[in-house]
Amino acid sequence: MEQQIDQVGIKVNRIEKVVAENKEEIERKLEDTRRQVQREILEKINGLEHQLHRTSIADSGDCSTSPATPLQHSSLMHTERSVHKMLKPPTYDGQSSWSMYRRQFEAAAKANGWTPQEMATSLVISLRGQALEILQSIPEEQQNDYDRIIGALEIRYGHKYLRQVYQSQIKSRQQRSNESLQEYEADIERLIHLAYPQAPKEFLEQIGIQTFIDGLVDTEMQQALRLGRHTTISDALIAALEFKAAKEASRSYKHLVRQIKVAMQRENQDAQVREMSDQHLFVDSMMNESVISRNKNRSICVDVMDRLKEFYLYSILRKIPAMNC
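Going letter by letter, the sequence shown gives residues 3 to 327 in this note's numbering.
Structure, rendered in structure tokens:
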């Protein structure tokens, strides 16, 4: 029994020795393989860099150049894709139009050649403010799903759920006091396309024309535009601008005529004042002459009276009978 145990121990030792030797050999072979793979990878990388360098400096118009190999084509596609990835989509905070932002984002993603997962990652990074909070309603494992994120944003900011709201705004839309005709027309056109995105163009134009005319602040402009025949809302805007220009020109002409009348009235008043002043001066001169003449006559009368007094006294003194006279 003890001999069998010793034999088993000897066999175990031999097996352990063989395993240790094989292990060292296997590790050595693995190390050699790893080094060989690294060397081959480095050689391939150097070859790719050399091919890219030759491709970049080659004249594209030279017909003698050989056609690109599949490896060169793949390298060029990778280089072009790296250049296009520099296009960065703008951020979105939920305050601007979601449909317009989605168009911009998907245009940048198409130019960059992004995969759906890359699009999802870039969209998550681009969200700001209230729009970023939408991620709280999406499970973390689904935040790499582009369609899932787009669906949540469409529900929150998409226009198809707000069509009735836009239709109601069209019915009650009025031009504000500080709003220009161009701004008023542009907002009506925006609301119409949001409220009826699938409607024919002729229908949209007629709705736009009617809304534009009904909401004008200037009632005279309303009446003038109702008499016209407009095929597009742009035609109605042009007619409104022409009416406004004509009205302002007429107002300027009336103001000029009023200024001329006022000037003429002032001139007439000045002439009347000058005439009255001349008459007043004439009357004053006549009165002065009358006073002078009266003073002269008075002095003559005084002189005569004095002489008569002297004569009377003289007669009394002389006892002249003429005194009885």
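We treat Cβ as the ideally placed atom computed from N, Cα and C, and that holds for glycine. Fair warning: this is a prediction, and the values are worked out from it, not measured in the lab.
Element boundaries [alpha helix (DSSP H), containing residue i]
i    : result
D149 : 148 to 159
R104 : 100 to 114
Y163 : First-last for Y163: undefined, no H or E at that position.
Cβ pair residue i, residue j closer than 8 Å
i    : j    : result
Y168 : W100 : no
A247 : M223 : no
Y186 : Q200 : no
M121 : A113 : no
R228 : A197 : no
L137 : Q145 : yes
Q140 : A154 : The identity of residue 140 in the sequence shown is Ile, whereas the question assumes Gln. It is a contact, given that the beta carbons lie within the stated cut-off.
A366 : F245 : It is not possible to answer for residue 366, since the shown part of the chain is limited to 3 through 327.
F107 : L89  : no
G210 : I240 : no
S179 : V219 : yes
Residues bridged to residue i (per DSSP)
i    : result
L129 : Y94
*Runs of alpha helix (DSSP H) lying entirely within the stretch 192 to 271, each at least 4 residues, in chain order*: 203 to 216, 221 to 229
*If you pair each beta-carbon of the stretch 197 to 211 with each one of the stretch 146 to 153, do three or more pairs fall below 8 Å?*
The stretch 197 to 211 vs the stretch 146 to 153: no contact.
*Would you be able to state if there are at least three C-beta pairs under 8 Å between the stretch 210 to 226 and the stretch 183 to 194?*
Segments in contact, yes.
*So does the stretch 118 to 130 actually touch the stretch 91 to 100, counting three or more Cβ pairs closer than 8 Å?*
yes
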